[in-house]
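Engineer: Have a look at this one.
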Amino acid sequence: MAEMRTAYGQALVELGGENEDIVVLDADLSASTKTSMFREAFPHRHFNAGIAESNMMGMAAGLAASGKIPFASTFAMFGTARPYEVIRNLICHPNLNVKIACTHAGVTVGEDGATHQAIEDIAIMRALPNMRIYVPADAAQTTALVKKAAQEKGPTYIRMVRSACKDVYEEGEPALTKAADVLKEGAHISLFACGIMVEKALSAADALKEKGIEAEVINVAQIKPLDEEVLIASAKKTGAVICCEEHSVIGGLSSAVAELLAQKHPVKMAFVGIDDRFGQSGKPDELLKEYQLTEIAIESKAQSLLNK
Amino acid sequence: MENLTSIAKTVRQDIVRMIASAGSGHPGGSLSGVEIAVALYFDIMNIDPKDVTKPDRDKFVLSKGHAAPLLYAVLGNRGYFDKAEFNNLRKFGAMLQGHPDMELVPGVEISTGSLGQGISAAVGMALAQKLDKSPARTFVLVGDGELEEGIVWEALMSAAHHKLDNFIVFVDYNGLQIDGRTEDVMNVGNIGAKFAAFDFDVIEVEDGNDLASVLAAARKACENKDGPTAVVCKTIKGKGVSFMEDKAGWHGKAPKEAETAQALAELEGR
Ligand SMILES: Cc1ncc(C[n+]2csc(CCOP(=O)(O)OP(=O)(O)O)c2C)c(N)n1
Ligand SMILES: [Mg+2]
Chain A
5 MAEMRTAYGQ ALVELGGENE DIVVLDADLS ASTKTSMFRE AFPHRHFNAG
55 IAESNMMGMA AGLAASGKIP FASTFAMFGT ARPYEVIRNL ICHPNLNVKI
105 ACTHAGVTVG EDGATHQAIE DIAIMRALPN MRIYVPADAA QTTALVKKAA
155 QEKGPTYIRM VRSACKDVYE EGEPALTKAA DVLKEGAHIS LFACGIMVEK
205 ALSAADALKE KGIEAEVINV AQIKPLDEEV LIASAKKTGA VICCEEHSVI
255 GGLSSAVAEL LAQKHPVKMA FVGIDDRFGQ SGKPDELLKE YQLTEIAIES
305 KAQSLLNK
Chain B
5 MENLTSIAKT VRQDIVRMIA SAGSGHPGGS LSGVEIAVAL YFDIMNIDPK
55 DVTKPDRDKF VLSKGHAAPL LYAVLGNRGY FDKAEFNNLR KFGAMLQGHP
105 DMELVPGVEI STGSLGQGIS AAVGMALAQK LDKSPARTFV LVGDGELEEG
155 IVWEALMSAA HHKLDNFIVF VDYNGLQIDG RTEDVMNVGN IGAKFAAFDF
205 DVIEVEDGND LASVLAAARK ACENKDGPTA VVCKTIKGKG VSFMEDKAGW
255 HGKAPKEAET AQALAELEGR
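Protein chains in written order, with my numbering: chain A, 5 to 312; chain B, 5 to 274.
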């Protein structure tokens, strides 16, 4: 178990030591997003925008246009939805090198409730041309993808959760930066998952195996652009796909995969995601159950998709 | 007045108790605004807890929605709902969500939680009161850190533009936000002068945790017939609980058992 956001903070410190152009912005949440770690190491390269997310994104655009590599962080809600039009017109349209790295995505935010639970952030970020999207599955993958993003040019959205999550990978594995990583092979059904749902898809695959169903599990850490080849190959092999995400079923991983397969290789599909509802207060586990973001939900959707 | 003082004490204890039982929440900013909310709900506002949609009622908007326990404590003590609900704060299925939800809680006029939005909606409410030729007013409570949001100043501009003399903003000027002192994180500067530059009448309250001062300022604000008024209240974040007072670390953290006991004892005056 480890926190994605702590991995993020550590990665920023490493990157900052290697490259003077790395700068970090936050919006009064630096203790939560862990950009405070970068501030301690490089105080003059950390800018707290205060509670002003739109201006933070505008400043990030200006820094990027001046050759800096800004990482702008806050909660996913306030770093995507609030400054959306700034991100569109000032960052994505001019294809500026801004990394939007947000924590506290999804319903696992918990007690703060609906206003703080971003469950449509992938959808709105995905609708923007030039935007790349990473949804790490654990802390080790967060480290790898943050470093990868720093090397690449152009806008990127990195989505992290609040709670510590189970480890899917070990530190330093080459597979960590794969756009789509086949974690488990199987012939009967494909489980395409991202974020905290990857680990649940793996458990569901184990449970399905006992029922005679061989599930293939793919971690789709890069939601945009998708690794079309890997995903289509899996769909061709199994003929049935379930997408699993801690996000609305509208516009996220499910939609991205459906858009791809509808055009290139239509197969039976089902979605494990939030069904066009807002979040609410509660413990992360209670909410995962309420919104059916569990290994049991994956298992039962797999069985009904295969009529078993 | 004596009555209001004892209500303020009860409200503070309810805030501490409900956050402790929830195991999370925002005590600092809830405690700093107690006198403002108590003065409005128990003296100034024309409201009826038994008729929550009464026409021509005054409205209150908690723009700093994270101080939900303050609003809940005041509404519960004013009789809007059963105080037993306090025990369910932030729990799954509860009426009292982490941030105020107008569809769930009687007396909550608008859902808030994303900073800067409540004050904007409050301008709309004050405009509607004018359209309806209502004598009612709209009161808003904003945080000083919240003032950093651009939408706040857009709202102020429009309130002044429409000469909304029924629009009264209380600033909970406690000098702290999450990452530290407001002047260090993002300096909002001279708050009173900024409101004045936005064509607000400004009333500065030296001690915003003193009920008599807050009441006097609120009454004066209600007499203003020229346009909107800002009441800038210097407050202490975490007021009333010694170890929480003026500490950024108590912005969003629940007290543990021993801390809760100490806080309640201090508030009781023991
Ligand atoms: C748009 C938005 N950005 C960030 C947050 C997270 N947040 C909650 S409270 C807070 C600090 C508020 O400071 P202030 O307004 O001074 O409130 P107070 O000191 O009265 O608690 C922040 C940044 C939020 N709720 N909404
Ligand atoms: Mg404050």
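Glycine is no exception: its CB is placed at the ideal position from the N, C-alpha and C atoms.
Where DSSP assigns a beta bridge to residue 169 of chain A, which residues make up the other side?
Structural biologist: Answer by DSSP bridge pairing, in chain order: A:6.
Engineer: Taking the alpha-carbon positions, what's the residue 97 of chain A to residue 63 of chain A distance?
Structural biologist: 16 Å
Engineer: Do residue 39 of chain A and ligand 4 come close, with the Cβ less than 8 Å from some heavy atom?
Structural biologist: The model depicted lacks ligand 4 and carries ligand 1 and ligand 2 instead.
Engineer: What residues in the stretch 221 to 246 of chain A bring their beta carbon closer than 7 Å to a beta carbon of chain B?
Structural biologist: none
Engineer: Beta-carbon distances below 7 Å to any heavy atom of ligand 2 define the shell here; list its residues in chain order, please.
Structural biologist: B:33, B:147, B:148, B:149, B:176, B:178, B:179, B:180, B:181, B:186 and B:241
Engineer: Step through the CB atoms of chain A and report whether any lies within less than 9 Å of the CB of residue 116 of chain B.
Structural biologist: yes
Engineer: Under the assumption that residue 68 of chain A contacts residue 16 of chain A (Cβ atoms under 8 Å), give the Cβ distance between them as a whole number of angstroms.
Structural biologist: About 16 Å separates the two Cβ atoms, so there is no contact after all.
Engineer: So does residue 69 of chain B have its beta carbon nearer than 8 Å to some heavy atom of ligand 1?
Structural biologist: yes
Engineer: Could you pull out every residue in the same chain whose Cβ sits closer than 6 Å to the Cβ of residue 72 of chain B, ignoring the five residues on either side in sequence?
Structural biologist: 103 and 104
Engineer: Pull up the DSSP beta-bridge partners for residue 30 of chain A, would you.
Structural biologist: A:52 and A:77
Engineer: Pairing CB atoms from the stretch 104 to 119 of chain B with CB atoms from the stretch 26 to 42 of chain B, are three or more of them under 8 Å?
Structural biologist: no
Engineer: For residue 178 of chain B, count the other beta carbons within 10 Å of its own beta carbon; 16 or more makes it buried, fewer makes it exposed. Which is it?
Structural biologist: buried
Engineer: Does residue 150 of chain B have its Cβ less than 9 Å from a Cβ in chain A?
Structural biologist: It does: the Cβ of residue 150 of chain B has a partner Cβ on chain A nearer than 9 Å.
Engineer: Report yes if the C-beta of residue 33 of chain A is less than 8 Å from at least one heavy atom of ligand 1; otherwise report no.
Structural biologist: yes
Engineer: Rounding to the nearest angstrom, what Cα-Cα distance links residue 76 of chain A and residue 95 of chain B in this structure?
Structural biologist: 32 Å
Engineer: For a cutoff of 9 Å on Cβ pairs, would you count residue 11 of chain B as touching chain A?
Structural biologist: no
Engineer: Taking one C-beta from the stretch 114 to 129 of chain B and one from the stretch 155 to 162 of chain B each time, how about it: are there three or more such pairs within less than 8 Å?
Structural biologist: Segments in contact, yes.
Engineer: Considering only DSSP beta bridges, list what residue 124 of chain B is partnered with.
Structural biologist: The partner list for residue 124 of chain B (beta bridge, DSSP) is empty, contrary to what the question assumes.
Engineer: Any beta-carbon of chain B closer than 9 Å to the one on residue 284 of chain A?
Structural biologist: Chain B places a beta carbon closer than 9 Å to that of residue 284 of chain A, counting this residue as a contact.
Engineer: Examine ligand 1 and report whether any of its heavy atoms sits within less than 8 Å of the Cβ of residue 282 of chain A.
Structural biologist: no
Engineer: Is there a C-beta anywhere in chain B that falls below 9 Å from the one on residue 54 of chain A?
Structural biologist: yes
Engineer: Cutting at 7 Å between CB atoms, please list the residues of its own chain near residue 282 of chain A, excluding the five before and the five after it.
Structural biologist: 118
Engineer: Taking Cβ positions only, does residue 83 of chain A come closer than 9 Å to chain B?
Structural biologist: By this cut-off, residue 83 of chain A is not an interface position.
Engineer: Helix or strand or just coil, what does DSSP make of residue 278 of chain A?
Structural biologist: strand
Engineer: State the DSSP-derived secondary structure class of residue 273 of chain A, mapped to helix, strand or coil.
Structural biologist: In this structure, residue 273 of chain A counts as strand in the three-state DSSP scheme.
Engineer: Quick test of the definition: if touching needs 3 or more C-beta pairs under 8 Å, does the stretch 184 to 202 of chain A touch the stretch 222 to 229 of chain A?
Structural biologist: A contact exists between the stretch 184 to 202 of chain A and the stretch 222 to 229 of chain A.
Engineer: What separation, rounded to the nearest whole angstrom, lies between the Cα atoms of residue 115 of chain A and residue 284 of chain A?
Structural biologist: Taking the straight line from one Cα to the other gives about 8 Å.
Engineer: Do residue 23 of chain B and ligand 1 come close, with the Cβ less than 8 Å from some heavy atom?
Structural biologist: no
Engineer: Using CA atoms only, rank isn't needed, just tell me which of B:244, B:205 and B:107 is closest to residue 214 of chain B.
Structural biologist: B:244
Engineer: Verify the contact flag: residue 162 of chain B, CB atom, against every heavy atom of ligand 1, threshold strictly below 8 Å.
Structural biologist: no
Engineer: Please name the residue, chosen from A:170, A:56, A:31 and A:27, that lies closest to residue 42 of chain A on a Cα-to-Cα basis.
Structural biologist: A:27
Engineer: Using DSSP's beta-bridge definition, name the partner residues of residue 220 of chain A.
Structural biologist: DSSP lists A:194 as partners of residue 220 of chain A.
Engineer: Anyone know if the C-beta pair for residue 237 of chain B and residue 175 of chain B falls short of 9 Å?
Structural biologist: Closer than 9 Å, so yes.
Engineer: List, in order along the chain, the chain A residues whose C-beta lies closer than 8 Å to that of residue 96 of chain B?
Structural biologist: 284, 285, 286, 287, 290, 291 and 294
Engineer: If contacts are defined as beta-carbon pairs under 8 Å, then residue 30 of chain A and residue 53 of chain A qualify, I think. What distance do you get, rounded to the angstrom?
Structural biologist: 7 Å
Engineer: What do you reckon, is the C-beta of residue 222 of chain A under 8 Å from a heavy atom of ligand 1?
Structural biologist: no
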